[in-house]
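Residue numbers (full-length UniProt numbering): 2 to 255.
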Ligand code: NDP
């Protein structure tokens, strides 16, 4: 358990499934009030009910991070419902591999707008809260979920990898803005993890019936709970300790 998480207030994007949902669940179980953000409101409401029934505090806030107005409305609802936020976890993301020569501009736009600009929108919506919490002597954290793909080349993942490499660099660069203000920034870089991420791939050769499925069969993947535990650990360190970048791989993933 993570006693340091008691009494904190978090926003978790991508909370409808996978790492975001697991992180929200773990934070809430340790006494953090959580705002659950994603597009599928039904999923968020189910998770909020589960957390509340277990004695935690959660609000479901439907939000599309690719839409500035949606993020603004969500931020206002969170301020009204939970008050000031001191922990932001950006887990929302999409992974749509295809050869660049297929020219899938629809996928490029969606990945850039979700994985990079979406993260920026959420950071901007809550950075004032994080700074204010830190200025009062509290602990304040920004956690971005990037990927091992920001360092390692996977064939046909060029655009996804580019968004994650940009996010990794954004996280490192933001430490120069936020660190001096006592807001920590952590970049989490998971390897293969068993979530819904691969279900949106529309190229059969690359999806769960193809290359990605083969990877799942040959490597025992991480679970969303493994990543949630890493995030909870990271944000529970003493205030002057910032774990800047964490790569977590399945033991069998090279
Ligand atoms: P999931 O697909 O299970 O989770 C992604 C979440 O993002 C969903 O809850 C989805 O909910 C939400 N989301 C997607 N688009 C938007 C949007 N426009 N606005 C708001 N929310 C959105 O996959 P993971 O848990 O694996 O993904 C979490 C993060 O981990 C991602 O950033 C991913 O790139 C990264 N990652 C994953 C790895 C893996 O192997 N699984 C490896 C390395 C990194 P909804 O559809 O309801 O909006």
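Where a beta carbon is used, it is the ideal one built from N, C-alpha and C, also for glycine. It should be emphasised that the depicted structure is a prediction, and the values quoted were computed from it without experimental measurement.
With a minimum length of 3 residues, the unbroken runs of beta strand (DSSP E) contained wholly in the stretch 110 to 159 fall at 141 to 146. The DSSP-derived three-state label of residue 206 is coil. Sorting 135, 52, 170 by C-alpha distance to the C-alpha of residue 183 places 135 at the top.
Short note on residue 229: C-beta not closer than 7 Å to any heavy atom of the ligand NDP.
Straight-line measurement puts the Cα of residue 196 at about 20 Å from the Cα of residue 61.
Considering only 175, 151, 143, 209, the residue with the shortest C-alpha distance to residue 14 is 143.
An exposed status is given to residue 255, since fewer than 16 other beta-carbon atoms sit within 10 Å of its beta-carbon.
With 16 or more other CB atoms across the displayed protein chains lying within 10 angstroms of its CB, residue 87 is buried.
For residue 61, the enclosing beta strand (DSSP E) starts and ends at 59 to 63.
Residue burial annotation: residue 234 is exposed, with fewer than 16 other C-beta atoms found within 10 angstroms of its C-beta. Inter-residue distance for residue 39 and residue 138 is about 30 Å (C-alpha atoms, whole angstroms).
Note that the stretch 109 to 126 does not touch the stretch 224 to 234; fewer than 3 beta-carbon pairs, one per stretch, sit closer than 8 Å.
In this structure, the alpha-carbon of residue 247 lies about 8 Å from that of residue 191. By the criterion of a C-beta distance shorter than 7 Å, residue 75 is surrounded in its chain by 38, 62, 64, once the five residues flanking it on both sides are discounted. When the Cα atoms are used, residue 145 and residue 206 turn out to be separated by approximately 30 Å. Distance check between residue 100 and each of 189, 157, 18, 30 places 157 closest, using alpha-carbon atoms only. Comparing alpha carbon positions, the residue from 45, 113, 5 closest to residue 17 is 45. Shown here, residue 40 sits in coil according to DSSP, grouped into three states, outside any helix or strand.
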